[in-house]
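Protein chains: 2
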Amino acid sequence: MTTSSETYDRELTEILHSRGQRVTPQRVVMNRVLRSAKRHVTAEDVLREVTGKLPNVSLPTVYATLELFEELGLVRRVATESGPALFDSRTDEHQHVVCRRCGRVQDLDTAVDDSRARAAARRAGFRPEHTDVVLVGLCADCAA
Amino acid sequence: MTTSSETYDRELTEILHSRGQRVTPQRVVMNRVLRSAKRHVTAEDVLREVTGKLPNVSLPTVYATLELFEELGLVRRVATESGPALFDSRTDEHQHVVCRRCGRVQDLDTAVDDSRARAAARRAGFRPEHTDVVLVGLCADCAA
DNA sequence: CTGGATGCAAACTCTTTGCATGCAT
DNA sequence: ATGCATGCAAAGAGTTTGCATCCAG
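Sequence order for the protein chains is A and B.
Under our numbering, the first residue of the first sequence is numbered 3, with each subsequent residue one higher.
Under our numbering, the first residue of the second sequence is numbered 3, with each subsequent residue one higher.
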């Protein structure tokens, strides 16, 4: 089930206009790149992908746009124990496995019951919004 | 139930000797600082605390020692979505709440069932070792 | 003594900021 | 026309590396 670029573009345009923000080529291309990315990407990854389609895009713009997209709910920052920031265009509930040796990240799709943790967080005075679940270990290659 | 510095020192000495590594004043003091720290600390935090007890300790030594202690299982790096690396001397299973606005981190003590996630990770070829659970939201102060 | 551990300085990576220009509205 | 968004350069935060010296065993 692949979604077309036009659908991505239309959705982005709608969100941006509803907030009085501009639809620029950089934002359109970055949105397409992110939404069709299979893996978790760094800002550098995004720049590389985008540059193939639109020249002269700068890293500061990539960072600014990633931050914007995060606010818009289009991407989520992945919690990691080190290394450059990773961004994930899947915003639905899922988990990550990270290899502590090579840094590889993969999605998991299982149910994790965080209701007791959320309740404890509220008792501690927090207003929890989402839960990052990261399993740290070794991938098949690094285990060998 | 406070544990004395002597107990910390003895435990550290034992682990280091068993691996043929040296017991230096820097390591002893850092171990005491970390084990008695209530909150989650950055490398800078550790340096500040240590400098009060032992002058001329350098940040590279703090980083090297934190990495060593991580290998020894004395501290764990906390998964976060951004900011400087956080270290936690609690190595038993627990969760964290992080304020996405001010970065405050607090411990939670609840049971989170990650067995299905672990199984899924193994199916994906990983050998999961531990699970980081981080609830992201707003703390009481920042919610206002 | 001897080599692992340290301190210092410098390099490096990742990210943010300042500012002049450009383009979406 | 207006001012938000961009590109470029430079600065900034956090972490790592190189190397001479030191000290724990």
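We treat Cβ as the ideally placed atom computed from N, Cα and C, and that holds for glycine.
Minimum Cβ-Cβ distance from residue i to chain B less than 9 Å
i: VAL114 of chain A; result: yes
i: HIS132 of chain A; result: yes
i: SER84 of chain A; result: yes
i: LEU110 of chain A; result: yes
i: LEU18 of chain A; result: no
i: GLY139 of chain A; result: yes
i: ARG120 of chain A; result: yes
Backbone secondary structure at residue i - three-state DSSP
i: GLU134 of chain A; result: Note on identity: in this sequence residue 134 of chain A is Asp, with Glu being the wrong assignment. The answer is strand: DSSP assigns ASP134 of chain A an E or B state.
i: ARG120 of chain A; result: helix
i: VAL107 of chain B; result: strand
i: ARG21 of chain A; result: coil
Residue i at chain A interface by Cβ criterion, 9 Å
i: VAL80 of chain B; result: yes
i: ARG129 of chain B; result: yes
i: ALA66 of chain B; result: no
i: ARG41 of chain B; result: no
i: GLN23 of chain B; result: no
i: GLY75 of chain B; result: no
i: GLU126 of chain B; result: The identity of residue 126 of chain B in the sequence shown is Ala, whereas the question assumes Glu. Closer than 9 Å to some Cβ of chain A, the Cβ of ALA126 of chain B qualifies, so yes.
i: CYS104 of chain B; result: no
i: VAL136 of chain B; result: yes
i: VAL99 of chain B; result: yes
i: ALA45 of chain B; result: no
Residue i CB to nearest heavy atom of the ligand PLP below 8 Å
i: LEU70 of chain B; result: Ligands in the displayed structure: none, and consequently the ligand PLP is not present.
Neighbour-count burial assignment, residue i, 16 or more Cβ in a 10 Å radius
i: LEU61 of chain B; result: exposed
i: ARG21 of chain B; result: exposed
i: ARG50 of chain B; result: exposed
i: THR133 of chain B; result: buried
i: HIS42 of chain A; result: buried
i: ASP116 of chain A; result: buried
i: PRO57 of chain B; result: exposed
i: ALA146 of chain B; result: exposed
i: ARG125 of chain B; result: exposed
i: GLN175 of chain A; result: The structure shown does not extend to residue 175 of chain A, since chain A is modelled only from 3 to 146, so the question has no answer here.
i: PRO130 of chain B; result: buried
i: ALA119 of chain B; result: buried
i: ALA66 of chain B; result: exposed
In the region 40 to 102 of chain A, which residue ranges form an unbroken beta strand (DSSP E) of at least 3 residues, counting only runs that do not cross its ends?
78 to 80, 88 to 90, 97 to 101
Say whether the region 126 to 145 of chain A touches the region 70 to 85 of chain A, bearing in mind that this needs 3 or more beta-carbon pairs closer than 8 Å, one atom from each stretch.
yes
Meets three-Cβ-pair contact criterion under 8 Å: the region 59 to 78 of chain B and the region 94 to 113 of chain B
no
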